[in-house]
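Right, one structure below, let's go through it.
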Amino acid sequence: SEERVKRLEKLGFVWEVYDFTWEEKFDLLSRYREEKGDCLMPRLHATNEGVALGRWVGNQRTAKSKGKLSEERVKRLEGLGFVWEPFDAT
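Structure, rendered in structure tokens:
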């Protein structure tokens, strides 16, 4: 019912888990960039909390190369200085 939906949302219930997770990882990448000055990281990089951020970065590159990353997300990543071809940047 609508009342249940409102109660769940008041508790912070997440309806779109994929979008929520993407935003969390994007925020972590943004913090990484603030600390390190770029978005280049080893594929196996993990945060202090154990989040496999390097894997997520690689997955974004793969998704873009397959045409499965939205233009909005591409622009947001590029706004951070995201490098799509890391081997060309070194």
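Numbering (this note's numbering), first residue to last: 1330 to 1419. Just so it is clear, CB atoms sit at the ideal spot from N, CA and C, and this is done for glycine as well.
Nearest-angstrom Cα separation, counted from Gly-1410 out to Arg-1402: For the purposes of this step, residue 1402 is identified with residue 73 of the sequence shown, where counting begins at 1. For the purposes of this step, residue 1410 is identified with residue 81 of the sequence shown, where counting begins at 1. So the alpha carbons of these two residues sit roughly 13 angstroms apart.
Using C-beta distances below 6 angstroms, list every residue in its chain close to Leu-1373, excluding the 5 sequence neighbours before and after it, in chain order. Mapped onto the sequence shown, residue 1373 falls at position 44. Gly-1383, listed in sequence order.
Note the first and the last residue of the continuous alpha helix (DSSP H) segment covering Gly-1383. The residue you call residue 1383 lines up with position 54 of the sequence shown. Note, Gly-1383: alpha helix (DSSP H), 1382-1394.
State buried or exposed for Glu-1354, treating a residue as buried only when at least 16 other CB atoms are found within 10 Å of its CB. Translated into the one-based positions of the sequence shown, residue 1354 becomes position 25. Per the sequence shown, residue 1354 should be read as Lys rather than Glu. With 16 or more other Cβ atoms within 10 Å, it is buried.
Along the alpha helix (DSSP H) that carries Glu-1401, what are the first and last residues, could you check? Taking the first residue of the sequence shown as 1, we reach residue 1401 at position 72. Segment 1400-1408, the alpha helix (DSSP H) holding Glu-1401.
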